[in-house]
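Trainee: Here it is, the structure, as structure tokens.
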Amino acid sequence: AVVSTQSGHYGRGIYSTLQQHTSCYSCYTSTMMLLLLTVLLASAETLHKTPTPAKIKAALGTSFLGQDGATVTLASLQGKYLGLYFSASWCPDCQAFTPILTEVYNKIKDADKWEVVWVTDDRSQADFEAYFAKMPWVAVPYADQARLRKLQNLFGVKWIPTLVMVDAEFEVVSMDASEEVQDDPEGKEFPWAGEVSNVTEM
-14 AVVSTQSGHY GRGIYSTLQQ HTSCYSCYTS TMMLLLLTVL LASAETLHKT PTPAKIKAAL
46 GTSFLGQDGA TVTLASLQGK YLGLYFSASW CPDCQAFTPI LTEVYNKIKD ADKWEVVWVT
106 DDRSQADFEA YFAKMPWVAV PYADQARLRK LQNLFGVKWI PTLVMVDAEF EVVSMDASEE
166 VQDDPEGKEF PWAGEVSNVT EM
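Using the numbering used here, you'd call the opening residue of the sequence shown number -14 and step up by one each time.
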């Protein structure tokens, strides 16, 4: 997994702090331990909070970008599971996982059980378009940066690829089913229910 750019403030903080303490090994060690603890605590907080269905539905918006520029409404996906796929073209792990997800998607798509919504972390419209051309599902438009960031923050995405699974009622089924998908090329364990916190975000 690769750290999402949305966690980039940790990286900038580390770089700045290390610049100040490069001549002091003990300071360096203490600083690294403190920063690691901060990251772990932030991750733990996210893991213990599951977004409510109302917040998920609101964050998703009302429509997505389909293939060939078509508009796909959230209403048209009613009754389906949704896989929120957080990834980017610059991420090597995403490049490896996307073909696997595509194969599984196509097998399950035939049963009309789900749709995948790509939530990009790409760095330009051109990169987004080139990568989306290789995908068979829908996406949050790159231009809608506010919605992209809202979804990333809502689910506390710290690394990519991440595949969040939600059911037809927008209840979280799994906060990250990417490993389960890799281990289930036939999609027999769909929707890959995983551990979900009992603590719901208010």
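Note that CB positions come from ideal geometry on N, CA and C, so glycine has one too. As the structure is a prediction and not an experimental result, all values here were calculated from the model.
Hey, could you find the ends of the beta strand (DSSP E) V102 is sitting in?
Mentor: That run of the beta strand (DSSP E) goes 99 to 105.
Trainee: My output table needs one value for S74: the three-state DSSP class, helix, strand or coil.
Mentor: Three-state result, S74: coil.
Trainee: In this structure, what does DSSP give as the bridge partners for F49?
Mentor: V57.
Trainee: I'd like the span of the beta strand (DSSP E) that includes N148, first residue to last.
Mentor: For the sequence presented, residue 148 should be read as Leu rather than Asn. Segment 147 to 151, the beta strand (DSSP E) holding L148.
Trainee: How is A124 classed by DSSP in three states: helix, strand or coil?
Mentor: Note: A124 maps to strand in three-state DSSP.
Trainee: Compare the beta carbon distance of K135 and A39 with 7 Å and say whether it is the shorter of the two.
Mentor: Result no, Cβ atoms of K135 and A39 do not sit closer than 7 Å.
Trainee: Using alpha carbons as the reference points, say which of D53, G46, W177, P176 lies closest to E114.
Mentor: Minimum Cα distance to E114 is reached at D53.
Trainee: Could you tell me the distance, in whole angstroms, from the CA atom of L59 to the CA atom of C79?
Mentor: Approximately 25 Å, taken between the alpha carbons.
Trainee: Please report the distance separating the alpha-carbon of P36 from that of M17.
Mentor: If you take the alpha carbons of P36 and M17, they lie about 31 Å apart.
Trainee: How many Å lie between S74 and N138 at the Cα?
Mentor: About 20 Å.
Trainee: Alpha carbons only, please: which of G64, L133, P126 is nearest the one belonging to K98?
Mentor: Looking at the Cα atoms, G64 is the closest of the given residues.
Trainee: State whether the region 118 to 129 contacts the region 150 to 167, with contact taken as three or more CB pairs (one from each stretch) at a distance under 8 Å.
Mentor: The region 118 to 129, when compared against the region 150 to 167, does not touch it at the 8 Å Cβ threshold.
Trainee: Roughly how many angstroms lie between the CA atoms of E174 and P146, to the nearest whole one?
Mentor: So the two alpha carbons sit approximately 19 Å from each other.
Trainee: Taking 7 Å as the threshold (beta carbon to beta carbon), is R132 in contact with chain C?
Mentor: The structure shown contains no chain C; it is built from a single protein chain.
Trainee: Would you give the residue range spanned by the alpha helix (DSSP H) that S109 belongs to?
Mentor: No alpha helix (DSSP H) contains S109, which DSSP labels as neither H nor E.
Trainee: Would DSSP call H33 helix, strand or coil?
Mentor: Unreliable placement is indicated for H33, whose pLDDT of 42 sits below 50; the coordinate value is still reported in the next sentence. It is coil, neither helix nor strand.
Trainee: Which residue's Cα is closest to the Cα of D112: K94, S72, K92, D95?
Mentor: Measuring from the Cα of D112, the nearest candidate turns out to be S72.
Trainee: Whose C-beta lies closer than 6 Å to the C-beta of F140 among residues of the same chain, with five residues either side of it excluded?
Mentor: V149.
Trainee: Assuming L67 and V151 make a contact with CB atoms under 8 Å, what is their CB distance in whole Å?
Mentor: Between V151 and L67 the Cβ distance is about 5 Å, and since that is below 8 Å, they are a contact.
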